[in-house]
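The structure under discussion appears below in the form of C-alpha cells.
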Amino acid sequence: MDGNMAKRRMGAGVLMACLLCLLSLAPLPVTSAESGTEDLLYIDGRVIGYTSNGVDNHSRQWSIEEGQWTSLVLECQHCSAELDLAGVVHQVTSQITVQSNANGTATLNMYSPLSETVRYSLIETIEESFPSVRPAPLEEREQRVLEYCFNATECIQPSKGHLDGIPSGEYSSQHFVTGVHEQVGTEYVAFSIAGGDTLELQVMHATDGMTVSVYYQNSSAETHHELTLVLAQGLNASESGENGLWYFDESGRVLVKIEASVANTGWAIKTMRYSDNSSVQLIENPHNLNLVGHHSTTATLAMNETQKFTFQPLYFDTSIRTDQLVGGTWILGSELNITTDPAYVFYPYPNISAVRVHLLSPVHYVTVQVEDFSDLGSGLEAPSVRPLSRLSDNSSWPSMSLDSGTIEGEMTLSIHDTADVYKLEVDGWVESEHLVRFTLESMNIEQFELEIWSMDQETWEVIDSRRSTFSNGKIQAFLEVGPGTHFLRVALVDATNSTPHPWGEESPSLTYLLSSSYSIIDEGEEPYFPPDENAEKWGVRARFFLGSLFLLPVLYFGLLQYRNLKTAREFSMKSEQLAWFKSLLDSGETTPKQSRANLARALQAVALLSWDEANSAWGKPDLDYRTDTVAMAVWKLDERIAKSEGAIPLMVGIHIVEGHWDLAALRFDAPVGQAWNVELVEPRFLTRGEEVFLDTMANGNRIFIMAEINGTASVVDIELNGRMDGEPSAVRIPSTLHIQSLEEE
2 MDGNMAKRRM GAGVLMACLL CLLSLAPLPV TSAESGTEDL LYIDGRVIGY TSNGVDNHSR
62 QWSIEEGQWT SLVLECQHCS AELDLAGVVH QVTSQITVQS NANGTATLNM YSPLSETVRY
122 SLIETIEESF PSVRPAPLEE REQRVLEYCF NATECIQPSK GHLDGIPSGE YSSQHFVTGV
182 HEQVGTEYVA FSIAGGDTLE LQVMHATDGM TVSVYYQNSS AETHHELTLV LAQGLNASES
242 GENGLWYFDE SGRVLVKIEA SVANTGWAIK TMRYSDNSSV QLIENPHNLN LVGHHSTTAT
302 LAMNETQKFT FQPLYFDTSI RTDQLVGGTW ILGSELNITT DPAYVFYPYP NISAVRVHLL
362 SPVHYVTVQV EDFSDLGSGL EAPSVRPLSR LSDNSSWPSM SLDSGTIEGE MTLSIHDTAD
422 VYKLEVDGWV ESEHLVRFTL ESMNIEQFEL EIWSMDQETW EVIDSRRSTF SNGKIQAFLE
482 VGPGTHFLRV ALVDATNSTP HPWGEESPSL TYLLSSSYSI IDEGEEPYFP PDENAEKWGV
542 RARFFLGSLF LLPVLYFGLL QYRNLKTARE FSMKSEQLAW FKSLLDSGET TPKQSRANLA
602 RALQAVALLS WDEANSAWGK PDLDYRTDTV AMAVWKLDER IAKSEGAIPL MVGIHIVEGH
662 WDLAALRFDA PVGQAWNVEL VEPRFLTRGE EVFLDTMANG NRIFIMAEIN GTASVVDIEL
722 NGRMDGEPSA VRIPSTLHIQ SLEEE
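Using our numbering, you'd call the opening residue of the sequence shown number 2 and step up by one each time.
Right under this line is the structure:
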C-alpha cells in the first residue's frame, strides 16, 4: 500500500513538472506590458518608476526587432536591472543604450532588496535614420508631422508649477522624437511649420550630454535661431532638460540640430506645436477668465465704466496692451510689461463698452479678475457735480433712497474720484415740506464731508443747502426740502492731496456707508385735476360696455330656463315617454348614447312640471309611493341605455310635499344578496356605494334622476334618508323592485 502511494506521488510530481515546462515554453506577448505587485509611478501617462517592497521584481516586456535600440536610465539607491534583448542579457546599474542583434522579445527586470522608490526612464524601441548633414533649403527631406495643441489650457497645467507643455503617453507617442547617436556628431530632425506657429522642445531623456538648436529654412534662405538648449551631462530618470520655445513668422521648414559628444547617446525630446491665439469674438462674461497662449494672444472682453480688470500673470512676466472701445471708436493703449507681483489693475475710460487685450511673450497664462466699483450698487459711478439745468439728462446720477438702511459707496482714487453726487426724488403735493436726514460712516470718516442741496424746480438754483463734516464721532446732515429733485454730495475734504498719483494707477479706494431717514412736515395742498372731456366720454361708454358684459350670464341662464320650460310643455302634452325611448332603440333610429343624452335633458325639463303631469309624461311607474310629506316613483329603464356594462338603469322621481330636507341621500338597498353599487347618476350627484347624496330639498321641490346600479342581487329597495325640519327622517317604498324580471324580459 505504501508502494502504491509512493507511485501516485511520483506520478503527480512528473505531471506538475510537465505543466511547468509547458508554461515556460509558452510564447511571450509581443506588446509592451508591466507585471508585479508593486505600486507604479506615473507622470503625464508615462510610467516613471515604482515603489519597491523589497521582495517582488518589477518587469516590463515588449517586442523588438534586429537593429532597434533600447535606452534605459535607472535612479535608485540599491536597485539593479537586467535587460534581456532577444536572448542577450545586459546588467544595468545606472544607464544603458544598447542595440538588439535579433528579432524577439525584450524583457526588463528590476529588483531592489530594500523598500524604496525606484525611478527609471525607458525608451523601449528606437529606430531612426536622421541625416548627419544639414540639407540645403531646396533639398527634399522627409519631414515629421507635428499635431497642433489647439486648446492651450489642456496642454498647459499651471498647477504643476510651470507653463511647459504637458505631453501625453510614453516616449513612443506623437509628442516625442527619439534617437541614438551611434557616433559622436550631429543629427537633424525636420518639421513642417506654418506662419505664426510656436515650436516647443525639451530634452526628457538623455544618457549623456547633448546640445539642441534650431534652424529655419524657406525656399531661398536659412536662419539660425539664437536659443540653444545645452545639456552638460545625462539626465537622471526624475529630471528633464531646459524648456525652449521658438516662434516663426512665416511658413517653412524647421531643422532641429542635435549634437552629442559621446557615442551611443540615447535621447528623447518633447515636441509640441502651438498656433497664435487671437479671437475677434466678444467674450460677454469675462469673470474667472484665463488668457493662455504662446507668443501672441488677443481677446476682446465686454466691459463697462464701473468695472476694473486685474490681470495676474503666472510664473512669467508678459507684455500687455489694452485698447478701449469708447463711443464706437477704438482708442489704442500703450504697451506695458506686467509682472507676477504686483498684478496689473486696469481702469476704463467713461462710456466704454469693450476692451481688446493683446498679450505678447513666449508663453503666458494670465488670470482675469473682474470687480465692480459702482456706487450704492447702482451700476453707475456717481458724477462729481450736479446737472447743469433741469433739462439735463440726470439718468447717470444714482438715486439715493429717502428712507434706507446702510448702503455702500466708494471713492475710487485710482480714477481721481473724490466726490459723489446722488439725486434725491421727493414725491409730494404742492407746497408740501419734507425733512431728509443722512448719516455717513467710514473707517476714514475724518476725510469725508456731506452736503445737501435743495433745488428750485423751475430756475434750478440752490434754495438752501447744508454742509456737514466730522463732528462728535459722526457725519450727519439734514435739510427741509419741497417736492421734486434735489441732490446729496459726498466728497473728500482734501481732494488734491488724496490723489497725487497719475490717473489709472492702482491706489486703495476709500469706502463709506450711507443711511437715510425721511419724514413729512407739511402735506401741502392736494391738487385738483379737472376731468378730460374724452375721459368722461369714453368712461361712460366703458361703463355701459362692462355692464352689458355682466348681463350676459343672466341672458344665458334665462335662455336655458326658457328651453327647459318649452321642453317641459312638450312633455306634458305626451305620455309614455319611456316606452317611446324604448321604441326608438328597437327601431334603430337612435343609438344608446343618443337616447341617454336625450333622457338626461328631459330629466331637467320634466322637473318643472307638476308631480302628476310628470308621472303621466313618463308613463306608469314600476313603484309608486306617497306619504303626507314625500311622494316617490321608480321606473325601470331599458338596459341598453346604461353607459356602464352590466349596469341596471333606473329612474327615480322625488317630490317634497311638505317640509324641508337637508343631508338627503337616496339609497338603493339590496335586502338579499350583495349590496348594490351606484356606477353613474344623471344629473350628476355625489355617490358612495349604494347611496346618492341629494343634499338639500325644500318644500315643493321635484327631482328626477337616472341611476345605474351594479350588483348580483335580484331585488332592490328604494329609500330616502336625511333630516326633515331638523329631525332624522327616512321614507322607504314598502314594495320591492325585482331586477331579475327585467333581465328576463
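Backbone N, C-alpha and C fix where the C-beta goes; we use that ideal spot for every residue, glycine too.
| request: Please name the residue, chosen from Cys150, Ala383, Asn702, Leu638, that lies closest to Ile740 on a Cα-to-Cα basis. | output: Of Cys150, Ala383, Asn702, Leu638, the residue nearest in Cα terms is Leu638.
| For Gly329, which option in Phe312, Val346, Tyr350, Ala87 has the closest C-alpha, if you only look at C-alpha atoms? | That would be Tyr350, whose Cα lies nearest to the Cα of Gly329.
| query | Which residues in the same chain as Leu29 place their Cβ atom closer than 7 angstroms to its Cβ, once the five residues preceding and following it in sequence are excluded? | reply | Confidence at Leu29 is low in this model, with a pLDDT of 37, below 50, so its placement is unreliable and no value can be given for it.
| message | For Pro593, report the span of its alpha helix (DSSP H) as first-last. | response | Counting along the chain, Pro593 sits inside the alpha helix (DSSP H) bounded by residues 593–607.
| DSSP state of Leu517, grouped into three classes? | The residue asked about is misnamed: residue 517 is Ser in this sequence, not Leu. Strand, per DSSP.
| field | For Leu403, the three-state DSSP class (helix, strand or coil) | value | If DSSP states are grouped into helix, strand and coil, Leu403 belongs with coil.
| DSSP state of Arg685, grouped into three classes? | Coil at Arg685, not helix or strand.
| query | Under the three-state reduction of DSSP, which class applies to Pro388: helix, strand or coil? | reply | In the structure shown, Pro388 falls within a coil segment according to DSSP collapsed to helix, strand and coil.
| said: Could you check whether Leu511 and Leu489 sit closer than 9 angstroms to each other, using their CB atoms as the reference points? | reply: Against a cut-off of 9 angstroms, the Cβ pair of Leu511 and Leu489 comes out as no contact.
| query | What residue range is occupied by the uninterrupted alpha helix (DSSP H) comprising Thr497? | reply | Judged by DSSP secondary structure, Thr497 falls within the alpha helix (DSSP H) whose first and last residues are 496–499.
| said: Give me, in chain order, the residues of the same chain whose beta-carbon lies closer than 7 angstroms to that of Gly253; leave out the 5 immediate sequence neighbours on both sides. | reply: If we look at Gly253 and ignore the five residues flanking it on each side, its Cβ neighbours are Ile194, Tyr217, Gln218, Asn219.
| CA-CA distance, Ala27 and Asp45? | Because the pLDDT at Ala27 is just 38, under 50, the model does not fix this residue reliably, and the value given afterwards should be weighed accordingly. Within the model, the alpha-carbon separation for Ala27 versus Asp45 is close to 34 angstroms.
| task | Give a yes or no on whether the C-beta atoms belonging to Glu442 and Leu514 are separated by under 9 angstroms. | result | For Glu442 and Leu514, yes; Cβs fall inside 9 angstroms.
| query | Between Gln96 and Thr208, which are expected to be in contact by the criterion C-beta below 8 angstroms, what is the C-beta distance as a whole number of angstroms? | reply | Confirmed, Cβ separation roughly 5 angstroms.
| query | Of all the options Glu240, Asn535, His296, Glu129, which has the alpha carbon lying nearest to the alpha carbon of Leu204? | reply | As written in the sequence, residue 204 is Val, which differs from the Leu given in the question. Ranking the options by Cα distance to Val204, first place goes to Glu240.
| message | With DSSP as the reference, identify every bridge partner of Lys161, one or two as the case may be. | response | Bridge partners of Lys161: none, in fact.
| query | Is the number of C-beta pairs between the segment 219–236 and the segment 172–190 that are closer than 8 angstroms three or more? | reply | The segment 219–236 vs the segment 172–190: no contact.
| message | Strictly by DSSP, which residues pair up with Thr467? | response | Checking the displayed sequence, the identity of residue 467 turns out to be Arg instead of Thr. Looking at the DSSP assignment, Arg467 forms a beta bridge with Ile453.
| request: Specify the secondary structure class of Ile446 as computed by DSSP and reduced to three states. | output: For Ile446, the secondary structure class from DSSP, reduced to helix, strand or coil, is helix.
| For Gly197, which residues from the same chain have a beta carbon less than 7 angstroms from its beta carbon, with the 5 sequence-adjacent residues on both sides left out? | The answer, listed in chain order, is Ser276, Asp277.
| Is the beta carbon of Phe439 sitting closer than 9 angstroms to the one on Ala383? | No.
| How about Val631 and Ala708: do their beta carbons lie closer than 9 angstroms? | Going by C-beta atoms, Val631 is not nearer than 9 angstroms to Ala708.
| request: Would you mind listing the alpha helix (DSSP H) stretches within the segment 605–660 that are 4+ residues and don't spill past its ends, in chain order? | output: Counting whole runs of 4 or more residues, the segment 605–660 contains the alpha helix (DSSP H) stretches 612–619.
| field | Cβ-Cβ distance between Val356 and Thr413 below 9 angstroms | value | No, they are not a contact pair.
| said: Tell me which residues share the same chain as Glu692 and place their Cβ nearer than 6 angstroms to its Cβ, disregarding the 5 neighbours each side in the sequence. | reply: Answer for Glu692: Ala666, Arg668, listed in chain order.
| request: Tell me where the beta strand (DSSP E) around Ala344 begins and ends. | output: If you look at Ala344, you'll find it isn't in any beta strand (DSSP E); DSSP assigns it neither H nor E.
| query | Would you call Tyr529 buried or exposed, if buried means 16 or more other Cβ atoms sit within 10 Å of its Cβ? | reply | Tyr529 counts as exposed, since fewer than 16 other beta carbons sit within 10 angstroms of its beta carbon.
| field | Residue range of the alpha helix (DSSP H) that includes Ala153 | value | The continuous alpha helix (DSSP H) containing Ala153 extends over residues 153–156.
| query | What are the boundary residues of the beta strand (DSSP E) that includes Thr419? | reply | In the DSSP annotation of this structure, Thr419 is not part of any beta strand (DSSP E), being labelled neither H nor E.
| message | Per DSSP, what are the beta-bridge partners of Arg120 in this structure? | response | Gly50, Glu76, per the DSSP bridge assignment.
| field | Backbone secondary structure at Asn338 - three-state DSSP | value | In the structure shown, Asn338 sits in a strand (DSSP, three-state: E or B).
| query | Among the residues of its own chain, which have a CB less than 8 angstroms from the CB of Asn395, if the five just before and after it don't count? | reply | Closer than 8 angstroms at Cβ, skipping near neighbours: Pro388, Lys424, Thr486.
| request: Using only alpha-carbon positions, find the residue among Glu117, Ala103, Ser64 that is nearest to Cys80. | output: For the residues Glu117, Ala103, Ser64, the minimum Cα distance to Cys80 belongs to Glu117.
| request: Could you pull out every residue in the same chain whose Cβ sits closer than 6 angstroms to the Cβ of Arg322, ignoring the five residues on either side in sequence? | output: Hits under 6 angstroms: Gly334, Glu336, His359.
| Quick one: is the Cβ of His59 within less than 8 angstroms of any heavy atom of the ligand NAD? | Questions concerning the ligand NAD fall outside what the structure shown contains, since it holds no ligand whatsoever.
| In DSSP terms, what Trp247 is bridged to | DSSP lists Leu200 as partners of Trp247.
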